[in-house]
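Remarks on the structure that follows.
2 protein chains.
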Amino acid sequence: MNERTPPTSRRSRPAKPPLSREVIVAAALDLMARDGFSGLSLRRVAAELDTGAASLYVYVANLGHLHRLMLDAALGEMQLPEDGSAPWREAAMSLLLAYLQALHGRRGLARLAMTALAAGPGAMRIWERLLHLLRGAGMDGRRAAWGVDLLLLQATAIAAEQAGRDAGGLRPESIREEVEALPEERYPLVRAHADDLFSGGGLQRAAWALEVILDGLAAAPGVRPGLGETL
Amino acid sequence: MNERTPPTSRRSRPAKPPLSREVIVAAALDLMARDGFSGLSLRRVAAELDTGAASLYVYVANLGHLHRLMLDAALGEMQLPEDGSAPWREAAMSLLLAYLQALHGRRGLARLAMTALAAGPGAMRIWERLLHLLRGAGMDGRRAAWGVDLLLLQATAIAAEQAGRDAGGLRPESIREEVEALPEERYPLVRAHADDLFSGGGLQRAAWALEVILDGLAAAPGVRPGLGETL
DNA sequence: ACCTGAACACCGTTCAAGT
DNA sequence: ACCTGAACACCGTTCAAGT
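Protein chains in written order, with my numbering: chain R, 392 to 622; chain E, 392 to 622.
Right, dumping it as structure tokens:
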């Protein structure tokens, strides 16, 4: 924290970097990390860069485009777990958990991932890796491709839901109160399972859900029997 | 306002219904059906009711609250499939497909369902029904409760993703073009599976995903080694 | 080619003033 | 208690004018 204050070096921190797509995306990601998804706007990104919102349109088509660029850039920074010799299921789980943690690691990113759709190199290397694992498990092309989509969408939706609850100003207790205000005669099971419905921390629930999906993907056609020696 | 000589029965069609939570929610749902989620705003709902946005705050805490009320009301109108004597899996699938079709049936609803979180009677009767089916299949309380959450979240996410693509002004081809512009050496599997990744209509993909999750839920828990037991 | 200020057409929310 | 107009503090996007 406390370093000897160096003579102000302008070299390490240019006063006003020239605009570029990269600079804009980086500033937008910084802003979102600070103020959340709802604090992100073209005008504020521009202000961060000491310019007006109109200037950004040279590099970015519109807000949605910036969202997609931000998501792909953030995913590109994510570190993929070692591609070791673990069985496909463990490898898939650690990749998915890393993805989940990346979404949780930067404020606003989970919601961005549910809103925007990234198809650039940052997102696609995750697809490539997961596709490799599911094909290696013996699934055919369609099952592997749709499986990757299913797994990543589920991870994204879980992260977004949890982030939305936190950011939405909706206290978790108030949801529970609403459920418990329902007439017990008409909703006996919901009432009886309230504890289970609201139990489980974020990552625990997410890991459970992903395991169930992997169970489903492994269970039906396409899996070579005897691969897992787990049965 | 006009008390003398009513030419027709004003009882059947009041010119300006008095404000109430129900009237506001109905007007909001109508507006969204017409102009989509992005066309929905408190100001426009108020204009629809011949008043100002400030007037709505007597009945609704804020925009997020209105979203939740809208979602619950829309789900409450949804017709659940007959509670016949079908096996639990078929019954669950037809319930989930009905939910999916409800989300697709009203413009903007899918995105609303991913954004808002409904815990009122309209949403809870779906939870109640699904909970009943999964418990009937022999799952314990936690597995059934988390399973319902998983299934409904997946259905919602699929619907929202598809709706978002349509509404976001993002042509599906342009995503594919972006994927196919990636260097083949680094993303060979993504490129090789492009057809599979983009294949399948909305309901087909959704039904496949839900079947996979049901497979996973139906599979005996604990067959996998390691990871699962740390919960 | 890039950047800008100003304008356009919107937002959610609050509040004092009315009834 | 309910309703309202006006105000506040914002938006994304366009465009003519500058460099």
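Where a beta carbon is used, it is the ideal one built from N, C-alpha and C, also for glycine. As the structure is a prediction and not an experimental result, all values here were calculated from the model.
Does Pro512/R get closer than 8 Å to chain E when you measure Cβ to Cβ? Taking Cβ atoms only, chain E reaches closer than 8 Å to Pro512/R, which makes this a yes.
Listed in chain order, which residues of the segment 572-587 of chain E have Cβ atoms closer than 7 Å to some Cβ of chain R? Leu573, Tyr578, Leu580, Val581, His584, Asp587
Rounded to whole angstroms, what's the CA-CA distance from Leu491/E to Pro512/E? Just pull it up for me. 18 Å
Roughly how many angstroms separate the alpha carbons of Arg516/R and Ala501/R, rounded to a whole number? 18 Å
Expected contact under 8 Å - CB spacing of Arg596/E and Ile566/E to nearest Å: Contact check for Arg596/E and Ile566/E: beta-carbon distance about 15 Å, past the 8 Å limit, so the pair fails to qualify.
Suppose you measure from the CA of His495/E to the CA of Gly529/R; what does that come to, to the nearest Å? 34 Å
Express the C-alpha separation of Leu573/R and Leu508/E in angstroms, rounding to a whole number. Rounded to whole angstroms, Leu508/E to Leu573/R spans 16 Å at the Cα level.
Would you please state the rounded distance, in angstroms, between the beta carbons of Ala437/R and Leu447/R? I believe it to be under 8 Å. 6 Å
What residues from chain R crowd round His495/E, counting only those whose CB sits closer than 7 Å? Against His495/E, chain R offers no close residue; the least beta-carbon distance is about 17 Å (beta-carbon pairs closer than 7 Å).
With contact counted as at least three CB pairs below 8 Å, one residue from each stretch, are the segment 536-544 of chain R and the segment 458-468 of chain R in contact? no
Does any residue of chain R have a CB that is nearer than 8 Å to the CB of Trp479/E? no
Specify, as a first and last residue, the run of the alpha helix (DSSP H) that Thr547/E falls within. Where Thr547/E is concerned, the enclosing alpha helix (DSSP H) starts and stops at 532-558.
If you count every other CB in all the chains shown that lies within 10 Å of the CB of Arg562/R, and 16 or more means buried, which is it? exposed
What runs of the beta strand (DSSP E), each 3 residues or longer, lie entirely inside the segment 421-452 of chain E? none
Are the segment 473-481 of chain E and the segment 425-433 of chain E in contact at 8 Å, needing three or more beta carbon pairs? no
Where the alpha helix (DSSP H) containing Glu626/R begins and where it ends: Absent from the structure is residue 626/R, since the part of chain R shown begins at 392 and ends at 622.
Counting only C-beta atoms, is Arg615/E closer than 8 Å to chain R at any point? The predicted model places Arg615/E with a pLDDT of 45, which falls under 50 and marks its position as unreliable; any figure quoted below should be read in that light. Yes, its Cβ sits closer than 8 Å to a Cβ of chain R.
Report yes if the C-beta distance between Arg533/E and Leu580/R is below 8 Å; otherwise report no. Note that the C-beta distance between Arg533/E and Leu580/R is not below 8 Å.
Using a Cβ-Cβ distance under 8 Å, would Glu552/R count as near chain E? yes
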